[in-house]
Ligand code: RFL
Ligand code: PHB
């Protein structure tokens, strides 16, 4: 049996695991990352696209800020469409100068993976049957097999384990059932997302549309690559949606001017994602810490998921750095409570924006009218617009 030794074993090479590995390495803390998928598979996933300033700053701190500096598209406003009319919400003006940046999760992940491989930091891909041992002791370990080599089991002996293995990972299951509390809401629809090499229809603002036909979103990855979504039933299959059907439906949910300007083209990725709100508490048990989607999920309306994962990692890396430098365990002890304060505020915001913008099967015309009344109030009231804006750019840390 092969035995590795490190200070922090990180399970999952998504943005949370990779960012944590990078920040710890820069502070001189050894870590090994294990990942269930291959690097190619991880890089083929198309997910988030909007970064708060806290997340951009953290990428710079990790030494991988060049990508977002060169390729990120800074946004000062988001547009809300309802009753076929577009209303800008000037987030920068409403928040005293804050912005959000369009930069894909795929690109964030690629930048971090490239850094890791240049620095020759240990990452083990294609792992299976991951198990955790001794998380209540001072000597925890992680064991696994690598799927494409041999069936030999390998072990990582470490001081701490970071469970960054996403919603379907195994880390959360190692917190005893008697301690773990779960909170969940599943929404009765999904998002059909399309990536296409066409110029974004609205390069200066992310567009969120409420229409009687359902929600739609216009976002981007670059000035030549667009990311669009439409709300769809979870019973739909990707094969039900030809490119032509997708573009027709998207245009019908936008205002006439945007629909007219829309440049369409062949999709290069198309997928359906479920919408869920979920939180598991606490985020730490003994020497196991959870971060990112491993312990919380938000519906993507509002773009908070990746940003929450980044702030968890900010707090966790700081807690571990303090511990190794001074044996001060305050950060470790406070980690879960500190993260959860921020997480619940983002959960509330994402739930609220999802409820406001989507068509729900059980509310019929009444629900639509109430949403339109609230949207009208929102765009006319400066205080409500400011509330949306300050949540969208990300509430201040320690708010
Ligand atoms: P990830 O990205 O799921 O990574 C977890 C990694 O762990 C691996 N894994 C394991 N590895 C080893 N052993 C095991 N047993 C393992 N089990 C799993 C997985 O293969 C994977 O590589 O979680 P992480 O790092 O916490 O990152 C979270 C983000 O991915 C997520 O919150 C965002 O994508 C959510 N999200 C958005 N967030 C934003 O901040 N802004 C956005 O604009 C935004 N848009 C979105 C989104 C998510 C979406 N989907 C698909 C749900 C748009 C969509 C459509
Ligand atoms: C995206 O660009 O993929 C995106 C943008 C805003 C959201 C969700 C996803 O709220």
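Numbering (my numbering), first residue to last: 196 to 594.
C-beta: ideal position from N, C-alpha, C; glycine also.
For clarity, every value in this text was computed on a predicted model and none was experimentally measured.
When secondary structure is reduced to three states using DSSP, residue 553 falls in the coil class, being assigned neither helix nor strand.
With a cut-off of 8 Å, the C-beta of residue 510 is classified as distant from the ligand RFL, since no heavy atom of the ligand falls inside that distance. Fully enclosed alpha helix (DSSP H) runs of no fewer than 4 residues occupy 438 to 448, 451 to 456 of the stretch 400 to 481, in order along the chain.
Residue 582 sits in a helix when the DSSP states are folded into three classes. In this chain, the beta strand (DSSP E) harbouring residue 387 covers 376 to 391. With contacts defined by Cβ atoms closer than 9 Å, residue 337 and residue 353 form a contacting pair.
For residue 308, the secondary structure class from DSSP, reduced to helix, strand or coil, is helix. Membership of residue 520 in the alpha helix (DSSP H) is indicated by the continuous run 500 to 521.
In the structure shown, the three-state DSSP call for residue 315 is coil. According to DSSP, residue pairing for residue 272 in a beta bridge involves 400. Under the DSSP assignment, residue 323 falls in the beta strand (DSSP E) whose first and last residues are 322 to 328. Set against 8 Å, the gap from the CB of residue 414 to the closest heavy atom of the ligand PHB is smaller. Non-local beta-carbon contacts of residue 527 in its own chain, meaning distances under 6 Å to residues more than five positions away in sequence, involve 514, 518 in chain order. For the options 579, 541, 500, the alpha carbon positioned closest to that of residue 488 is the one of 500. By the Cβ test, the stretch 569 to 583 is in contact with the stretch 272 to 286, since at least three Cβ pairs between them sit closer than 8 Å.
Assignment of residue 565 by DSSP, reduced to helix, strand and coil, places it in the helix class. In the structure shown, residue 255 falls within a helical segment according to DSSP collapsed to helix, strand and coil. Between residue 211 and residue 498 the beta-carbon gap is near 16 Å, outside 8 Å, which marks them as no contact. In this structure the stretch 250 to 270 lies against the stretch 289 to 302, because at least three pairs of beta carbons, one per stretch, are closer than 8 Å.
Taken from the Cβ of residue 422, at least one heavy atom of the ligand PHB lies inside 8 Å.
For residue 235, the enclosing alpha helix (DSSP H) has its first and last residue at 234 to 239. As the crow flies, the alpha-carbon of residue 257 is around 18 Å from that of residue 204.
With contacts defined as CB atoms closer than 9 Å, residue 390 and residue 463 qualify as a contacting pair. With 16 or more neighbouring CB atoms inside 10 Å of its own CB, residue 491 falls in the buried class. Under the DSSP definition of a beta bridge, residue 283 partners with 274.
When the Cα atoms are used, residue 301 and residue 238 turn out to be separated by approximately 6 Å.
By the neighbour-count criterion, in which 16 or more other beta carbons inside 10 Å mark a residue as buried, residue 233 falls on the exposed side. Residue 486 holds the alpha-carbon nearest to the alpha-carbon of residue 214 among 432, 486, 455, 415. The beta carbons of residue 398 and residue 418 sit closer together than 9 Å. Bounds of any beta strand (DSSP E) do not take in residue 231, whose DSSP letter is neither H nor E. Taking residue 512 as reference, the option from 311, 530, 415 with the minimal CA-CA separation is 530.
Counting C-beta pairs with one atom in each stretch, the stretch 432 to 448 and the stretch 322 to 329 have fewer than three that are closer than 8 Å, which means they do not touch. Residue 273 has its alpha-carbon roughly 22 Å from the corresponding atom of residue 385.
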